[in-house]
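In the numbering used here, the protein residues as written are 1 to 299. Glycine is no exception: its CB is placed at the ideal position from the N, C-alpha and C atoms.
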């Protein structure tokens, strides 16, 4: 067992949960993956995993949770760790502490994208950055901004997916699928929006369709530059795996910034500024382990 105690890590996504028990140094001792069902099904399964892993490897000293949302991530709130207005059926009002507090260990809860941002900042494509913005374009769209290993927030976590980019109806007549805003970024560029608009995923479409999606994502990229001036932008998620998309996003972002921001970090073609994740699918669980470390340090 790690001298500093073991960390229980939870990466909670809209379609799957990844659970891990790790040493304080980050070595994963036990790991599992399960579908995101209802809390009635998911909570007992999560509890059982950590009970079994703890019985085998030792007591859990802290938990780090990187979760889909919207979720309350304000540690001073009485609802800390509670899902709020999430559209996922059955999850509004569910709270991570309801199942994890029984282990008697401190718990730190953050968003899934903040967790991925922290993971990439520590050990992936964000190494060497002070301020890093990580965006996922997949089932949903979200951005985490990290400075010196700590995620940023205001009265709640950031909601970049609901920024509304300019849309030319003659070029893209699709009205969007967001139940709140129709043609916000998530409503136009997430995986389900692409499927509903064109009947297939972006990796099976051509340059015209990739260009439309790239322009929407570039609007977010240029907005992140102007609002946060990060050292680097990372774009991950299933949609970003489409061939040619990251290159098209770079080109469109150069055009949208139009030379206004001049800094050595922003290379001419943004090839080292707008990048894909270095940790692949492990960014989230890596960040969740770090959240557990932070919970332990704050105790």
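Residue 283 versus residue 29 - alpha carbon distance
17 Å
When you compare each of 179, 44 and 143 to residue 225 by their alpha carbons, which one comes out closest?
Per the C-alpha coordinates, the member of 179, 44 and 143 positioned closest to residue 225 is 143.
Would you call the segment 165-173 in contact with the segment 205-221, where contact means no fewer than 3 C-beta pairs closer than 8 Å?
yes
Out of curiosity, what's the CA-to-CA distance linking residue 109 and residue 80?
8 Å
Pick helix, strand or coil for residue 88, following the three-state DSSP scheme.
coil
Give every residue of the same chain whose Cβ lies closer than 6 Å to the Cβ of residue 135, excluding the five residues on either side of it in the sequence, and list them in chain order.
143 and 235
Selected residue, minimal CA-CA separation from residue 241, among 272, 201 and 251:
201
Please state the DSSP three-state secondary structure of residue 29.
strand
Collapsed DSSP secondary structure at residue 34 in the structure displayed
Residue state for residue 34 is assigned as strand, using DSSP reduced to three classes.
Across the segment 14-21 and the segment 45-53, are there enough close Cβ pairs to call them in contact, namely three or more that are closer than 8 Å?
yes
With 16 other Cβ atoms within 10 Å as the buried cut-off, status of residue 25:
exposed
Nearest to residue 66 (by Cα), restricted to the options 118, 288 and 185
Residue nearest to residue 66 within the set 118, 288 and 185 is 288 (criterion: CA-CA distance).
Alpha-carbon spacing of residue 296 relative to residue 223, whole angstroms
35 Å
Can you find the residues in the same chain that come closer than 6 Å, C-beta to C-beta, to residue 182, ignoring five residues on each side of it along the sequence?
So the qualifying residues of the chain are 175 and 176.
Could you spell out the range, first to last residue, of the alpha helix (DSSP H) harbouring residue 21?
Careful: residue 21 lies outside any alpha helix (DSSP H), inside the beta strand (DSSP E) at 16-22.
Could you name the residues of the same chain whose beta carbon sits closer than 6 Å to that of residue 301, not counting the 5 residues immediately before and after it, in chain order?
Within the shown structure, residues of the chain are numbered from 1 to 299, placing residue 301 beyond reach of any answer.
Suppose the cutoff is 7 Å on Cβ atoms and the five residues either side in sequence are ignored; what does the same chain contact list for residue 95 look like?
81 and 82
Between the Cα of residue 133 and those of 268, 285, 152 and 140, spot the shortest distance and give me the residue it belongs to.
Restricting attention to 268, 285, 152 and 140, the CA atom closest to the CA of residue 133 is found in 152.
Is residue 245 near the ligand GDP - that is, is its Cβ less than 6 Å away from at least one heavy atom of it?
The ligand GDP is not part of this structure, which contains no ligands at all.
With a cut-off of 8 Å on the beta carbons, I'd call residue 286 and residue 119 a contact; round off their distance for me.
With 8 Å as the limit, residue 286 and residue 119 qualify as a contact, their Cβ atoms being about 3 Å apart.
Other residues of its chain near residue 122: CB distance less than 8 Å, five sequence neighbours each side excluded:
149, 286, 287 and 290
Quick check on residue 221: buried or exposed, where buried means 16 or more other Cβ atoms within 10 Å of its Cβ?
buried
Buried/exposed call for residue 299, threshold 16 Cβ in 10 Å:
So residue 299 ends up on the exposed side.
Quick check on residue 207: does DSSP put it in helix, strand or coil?
helix
For a test of the three-state rule: what should DSSP assign to residue 188, helix, strand or coil?
Under the three-state reduction of DSSP output, residue 188 falls in the helix class.
Under 7 Å Cβ to Cβ from residue 87, same chain only, skipping five residues before and after it: list those, please.
If we look at residue 87 and ignore the five residues flanking it on each side, its Cβ neighbours are 179.
On the criterion of 16 or more Cβ atoms from any shown chain inside 10 Å, does residue 1 qualify as buried, or is it exposed?
Any reading at residue 1 needs caution, since the residue's pLDDT is 48, under 50, leaving its predicted position unreliable; the model's value is listed next. Burial call: exposed.
Would you mind stating whether residue 84 and residue 157 have Cβ atoms separated by less than 7 Å?
Their beta carbons are not under 7 Å apart, which means residue 84 does not touch residue 157 by this criterion.
Would you list the residues sitting across from residue 134 in a DSSP beta bridge?
144 and 234
Are the beta-carbon atoms of residue 187 and residue 193 separated by less than 7 Å?
Residue 193 sits close to residue 187, with the two beta carbons spaced by under 7 Å.
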